[in-house]
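Q: Can you keep this structure in mind? I'll have questions shortly.
2 protein chains.
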Amino acid sequence: MDEPKPLRPTSEATLRRLPIYHHLLQKRLSTGIKTISCSQIAEELDYDATQIRKDLAVTGIKGRPKVGYDLAALILSIETFLGWSRVRKAFLAGSGHLGSALLGYNRFSHYGLDIVAAFDRDPDRVGTKVHGREVLPINKLAGLAKRMRVEVGIITVPAPVAQEVADFMVSGGIRAIWNFAPTKINVPAGVIVQNEDLYSSLGVLLQKLSAAHRLV
Amino acid sequence: MDEPKPLRPTSEATLRRLPIYHHLLQKRLSTGIKTISCSQIAEELDYDATQIRKDLAVTGIKGRPKVGYDLAALILSIETFLGWSRVRKAFLAGSGHLGSALLGYNRFSHYGLDIVAAFDRDPDRVGTKVHGREVLPINKLAGLAKRMRVEVGIITVPAPVAQEVADFMVSGGIRAIWNFAPTKINVPAGVIVQNEDLYSSLGVLLQKLSAAHRLV
DNA sequence: TTACAGTAGAGAATTATTTCTCGATTCTAC
DNA sequence: GTAGAATCGAGAAATAATTCTCTACTGTAA
Chain A
149 MDEPKPLRPT
159 SEATLRRLPI
169 YHHLLQKRLS
179 TGIKTISCSQ
189 IAEELDYDAT
199 QIRKDLAVTG
209 IKGRPKVGYD
219 LAALILSIET
229 FLGWSRVRKA
239 FLAGSGHLGS
249 ALLGYNRFSH
259 YGLDIVAAFD
269 RDPDRVGTKV
279 HGREVLPINK
289 LAGLAKRMRV
299 EVGIITVPAP
309 VAQEVADFMV
319 SGGIRAIWNF
329 APTKINVPAG
339 VIVQNEDLYS
349 SLGVLLQKLS
359 AAHRLV
Chain B
149 MDEPKPLRPT
159 SEATLRRLPI
169 YHHLLQKRLS
179 TGIKTISCSQ
189 IAEELDYDAT
199 QIRKDLAVTG
209 IKGRPKVGYD
219 LAALILSIET
229 FLGWSRVRKA
239 FLAGSGHLGS
249 ALLGYNRFSH
259 YGLDIVAAFD
269 RDPDRVGTKV
279 HGREVLPINK
289 LAGLAKRMRV
299 EVGIITVPAP
309 VAQEVADFMV
319 SGGIRAIWNF
329 APTKINVPAG
339 VIVQNEDLYS
349 SLGVLLQKLS
359 AAHRLV
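Now the structure itself:
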């Protein structure tokens, strides 16, 4: 009877909204206000206030009637819940366009992620530096990951080699993979895969645009 | 009684899965097979076969019992439904790391999108070329978009200026915006916004990792 | 032929998510 | 103090998405 709650994992929809709230709250924090209510957030983001209340509840925060939530406490609560309060080491495989772009995002460390090294198969790229991180040969990935206790892997290689890279990551003890290749990768149970498929997003956008045309 | 079907818009979940099927089908096409069944796709992707069948049904394809779907016809059906068979012109605003990476994706044209020009506020970047596309000053965006009948806008500028850029796009007649800035943008009714928030994805990944830790 | 197995498609049942409703709380203004 | 308005929190209802079940069809092999 230590942990009363963890019946079901939090829904992905809720998890996706929490960072959106977080961004808005940060923006509000800089204006000097101290508290915020669900209805205010709802107004700003065009969401349903009850949905926001339920989303925030999963982080364990408590609000006060007529007042709302303490802004700083709420931000902290979201960060803790999402695992942003502890920074995890990450390896990135594939130093092409997208990989380089991610290496250039220096704000990931505020969101719980520190990309400590990049890997590539191309000998021309190995040895160069991208945004301050050295590019290492891909065959060093597994060994280094194990030695450095790296927890997260980021895949930005072309689809045909994504599975191979994922296997290296898994064998190096990496337990969470952020996959930007537009293909399914198979991993053992217990390894978390988060797919980030740009073509899927583009598909959604263009289909809606096409559908809008058909209506008019 | 021309169009019998369009009662409800297709769910976003279905739209996101269709490109995933498409990728798998393309891969299969190159192996020379002619037909594919839902159970085969389900096996490969670890999805439920019925779900795949329902997803594919929205594109209007018809299958045959004991055989499945004609592979080439199915690919075409998905492409047509998603709006990939017609290429639309796009403007990209923000030629930073992520913007450059997207300009380097030369395969978008196979997925219905042609990024014809990039825009930036920074005078140092204006006039340079990124992956073959000239970077133009942001104040030219609206006028050019109208003149060239550009339909899609891609926002890869920092969050604080995303709204301003979105306003330019809307005033230029752009009706679909792919927003990579981690912030909400307000647009008039009828304009489609697809948010692509990396921090949201990262949040999902890291929360699952944290939750997995808590269980062990 | 005829039996059999694999499959699509339609609809029902289940499950998950979102939205609504209401009671309890607490701040503000009189 | 007291009345009134805003809000949280919990549970119910409504809606949406997924999964299950069944029927009909079609190719394959005895």
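Here the protein sequences line up with chains A and B, keeping their order.
The opening position of the first sequence corresponds to residue 149 in our numbering, with each subsequent residue numbered one higher.
The opening position of the second sequence corresponds to residue 149 in our numbering, with each subsequent residue numbered one higher.
Positions of the beta carbon are idealized from the N, C-alpha and C atoms, including for glycine.
1. Roughly how far, in whole angstroms, is the beta-carbon of A278(B) from the beta-carbon of S319(B), given that I think they are within contact range, below 8 angstroms?
2. With a threshold of 8 angstroms on Cβ separation, who are the neighbours of D196(A) within its own chain once the five nearest residues in sequence on each side are excluded?
3. Would you say V352(B) faces chain A, with C-beta separation under 7 angstroms as the test?
4. The region 297-316 of chain B: which residues have C-beta closer than 8 angstroms to a C-beta of chain A, in chain order?
5. Could you pull out every residue in the same chain whose Cβ sits closer than 8 angstroms to the Cβ of M317(A), ignoring the five residues on either side in sequence?
6. Counting only the same chain and skipping the five closest in sequence on each side, list residues whose C-beta sits under 8 angstroms from that of L261(A).
7. For V283(A), which residues from the same chain have a beta carbon less than 6 angstroms from its beta carbon, with the 5 sequence-adjacent residues on both sides left out?
8. May I ask you to list, following chain order, the residues of the region 176-187 of chain B that have a beta carbon less than 9 angstroms from some beta carbon of chain A?
9. Please compile the residues from chain B whose C-beta is within a distance smaller than 7 angstroms of the C-beta of S276(A).
10. Quick check: the Cα distance between L350(A) and A314(A), rounded to an integer number of angstroms?
11. Are G211(A) and Y217(A) touching if we call contact CB-CB under 7 angstroms?
12. Which residues share a DSSP beta bridge with A293(A)?
13. Distance check for I286(B) and R295(B), CA to CA, integer angstroms please.
14. Write down every uninterrupted run of the beta strand (DSSP E) in the region 177-263 of chain B whose length is 3 residues or greater and which is fully enclosed by it, in chain order.
15. For E227(B), count neighbouring C-beta atoms within 10 Å of its own C-beta (all shown protein chains included) and say buried if the count is 16 or more, exposed if not.
16. Please return the same chain residues whose Cβ sits closer than 8 angstroms to the Cβ of L177(B), not counting the five positions on each side in sequence.
17. Pick from R297(B), A307(B), S233(B): whose alpha carbon is nearest that of R255(A)?
18. When the cut-off is 7 angstroms and only beta carbons count, does T331(B) lie next to chain A?
19. Using the three-state DSSP reduction, which class does G301(B) fall into: helix, strand or coil?
20. Please classify L246(B): is it buried, with 16 or more other beta-carbons within 10 angstroms of its beta-carbon, or exposed?
21. Residue range of the beta strand (DSSP E) that V283(B) falls in?
22. Relative to the C-alpha of W232(A), which candidate in A337(A), H170(A), K332(A) has its C-alpha closest?
23. Determine the direct distance from the alpha carbon of P330(A) to that of V341(A), and round the result to whole angstroms.
24. So, is P154(B) buried or exposed, given that buried needs 16 or more other C-beta atoms within 10 angstroms?
25. Mind checking P167(B): buried by the 16 CB within 10 Å criterion, or exposed?
26. Is there a Cβ of chain A sitting closer than 7 angstroms to that of Q174(B), yes or no?
27. Near I322(A), which residues of its chain fall below 8 angstroms by C-beta distance, leaving aside the five closest residues on each side in sequence?
28. Check each residue of the region 337-350 of chain A: if its Cβ is closer than 9 angstroms to any Cβ of chain B, include it; give the result in chain order.
29. What does a CB cutoff of less than 6 angstroms around L357(B) pick up in its chain, not counting 5 residues either side in sequence?
30. What residues of chain A sit near F267(B), judged by a beta carbon separation below 8 angstroms?
31. Between C186(B) and R201(B), is the Cβ-Cβ spacing less than 7 angstroms?
32. Do you know how far the Cα of K332(A) is from the Cα of L193(B)?
33. Who pairs with A266(A) in a beta bridge, going by DSSP?
34. For the putative contact between Y347(A) and Y259(B), defined by C-beta atoms under 8 angstroms, what is the C-beta separation to the nearest angstrom?
35. Name the residue from V264(B), Q174(B), I263(B), D270(B) whose alpha carbon lies nearest to the alpha carbon of S225(B).
36. Among the residues of its own chain, which have a CB less than 7 angstroms from the CB of T158(B), if the five just before and after it don't count?
A: Let me spell this out:
1. Mapped onto the second sequence, residue 278(B) falls at position 130. Mapped onto the second sequence, residue 319(B) falls at position 171. Here residue 278(B) turns out to be Val, not Ala, going by the sequence shown. Between S319(B) and V278(B) the Cβ distance is about 24 angstroms, and since that is not below 8 angstroms, they are no contact.
2. Within the first sequence, numbered from 1, the residue matching residue 196(A) stands at position 48. For D196(A), where only same-chain residues beyond five positions count, the Cβ hits under 8 angstroms are A190.
3. Numbered from 1 along the second sequence, position 204 holds the residue referred to as residue 352(B). Output row for V352(B): interface = yes.
4. E299, V300, A307
5. As a position in the first sequence, residue 317(A) is number 169, starting the count at 1. Result list for M317(A): F239, A241, L289, A290, A293, G301, I303, I325, in chain order.
6. For the purposes of this step, residue 261(A) is taken as residue 113 along the first sequence, with counting starting at 1. Once the five neighbours on either side are set aside, the close Cβ partners of L261(A) are V235, R236, A238, V300.
7. Reading the first sequence from its first residue, position 135 is the one you call residue 283(A). Within the same chain, V283(A) has close Cβ partners S243, A266, D268, R273, V274, T276.
8. none
9. Sequence index remark: in the first sequence, residue 276(A) carries index 128 (1-based). The residue you asked about is not Ser; residue 276(A) is Thr in the sequence shown. Those do not exist, as T276(A) stays about 16 angstroms from chain B at its closest Cβ, beyond 7 angstroms.
10. Here residue 350(A) refers to the residue found at position 202 of the first sequence. Here residue 314(A) refers to the residue found at position 166 of the first sequence. Roughly 24 angstroms between the two C-alpha positions.
11. Within the first sequence, the letter at position 63 stands for residue 211(A). Within the first sequence, the letter at position 69 stands for residue 217(A). Their beta carbons are under 7 angstroms apart, which means G211(A) touches Y217(A) by this criterion.
12. Reading the first sequence from its first residue, position 145 is the one you call residue 293(A). Paired residue(s): none; A293(A) is not in a bridge.
13. Looking up residue 295(B) in the second sequence gives position 147. Looking up residue 286(B) in the second sequence gives position 138. Between R295(B) and I286(B), the C-alpha separation is close to 15 angstroms.
14. 236-241
15. Locating residue 227(B) in the second sequence gives position 79, counting from the first residue. Classification of E227(B): buried, given that the 10 Å Cβ count is 16 or more.
16. Residue numbering aside, residue 177(B) sits at position 29 when the second sequence is read from its first letter. Only L219, A220, I223 meet the Cβ criterion.
17. Translated into positions along the first sequence, residue 255(A) becomes position 107. Checking every option, the nearest Cα to that of R255(A) belongs to A307(B).
18. By one-based count along the second sequence, residue 331(B) stands at place 183. Yes - at least one Cβ of chain A is within 7 angstroms of the one on T331(B).
19. Here residue 301(B) is taken as the residue at index 153 of the second sequence, counted from 1. G301(B) falls in the strand class under three-state DSSP.
20. Counted from its first residue, the second sequence places residue 246(B) at position 98. The residue in question, L246(B), is buried, as its Cβ has 16 or more Cβ neighbours within 10 Å.
21. What you label residue 283(B) is simply residue 135 of the second sequence in a count that begins at 1. Counting along the chain, the beta strand (DSSP E) containing V283(B) begins and ends at 281-285.
22. The sequence position of residue 232(A) within the first sequence is 84, counting from 1. Of the listed residues, the one whose Cα sits closest to W232(A) is H170(A).
23. Here residue 341(A) is taken as the residue at index 193 of the first sequence, counted from 1. Here residue 330(A) is taken as the residue at index 182 of the first sequence, counted from 1. Approximately 13 angstroms, taken between the alpha carbons.
24. Taking the first residue of the second sequence as position 1, residue 154(B) is located at position 6. Its pLDDT being 44, under 50, P154(B) is placed unreliably by the model, and nothing is read from it.
25. Within the second sequence, residue 167(B) is the residue found at index 19, counting from 1. Buried is the call here.
26. For the purposes of this step, residue 174(B) is taken as the residue at position 26 of the second sequence. Closer than 7 angstroms: no.
27. Along the first sequence, read from residue 1 onward, the residue named residue 322(A) stands at position 174. F239, A293, V298, E299, V300, G301, V339, listed in sequence order.
28. G338, I340, V341, Q342, N343, E344, D345, L346, Y347, S348, S349, L350
29. The residue you call residue 357(B) lines up with position 209 of the second sequence. Result list for L357(B): empty, nothing under 6 angstroms.
30. As a working mapping, residue 267(B) is identified with position 119 in the second sequence. Those do not exist, as F267(B) stays about 18 angstroms from chain A at its closest Cβ, beyond 8 angstroms.
31. As a working mapping, residue 186(B) is identified with position 38 in the second sequence. As a working mapping, residue 201(B) is identified with position 53 in the second sequence. A contact, by the Cβ cut-off of 7 angstroms.
32. Start at 1 with the first residue of the second sequence, and residue 193(B) comes out as number 45. Start at 1 with the first residue of the first sequence, and residue 332(A) comes out as number 184. If you take the alpha carbons of L193(B) and K332(A), they lie about 7 angstroms apart.
33. Working through the first sequence from its first residue, we reach residue 266(A) at position 118. DSSP output for A266(A) lists L240(A), V283(A) as bridge partner(s).
34. Taking the first sequence and counting its residues from 1, the one referred to as residue 347(A) is at position 199. Taking the second sequence and counting its residues from 1, the one referred to as residue 259(B) is at position 111. Rounded, the Cβ-Cβ distance is 6 angstroms, consistent with contact.
35. The count along the second sequence starts at 1 and reaches residue 225(B) at position 77. Nearest C-alpha to S225(B): Q174(B).
36. The residue given as residue 158(B) occupies position 10 in the second sequence. If we look at T158(B) and ignore the five residues flanking it on each side, its Cβ neighbours are V206.
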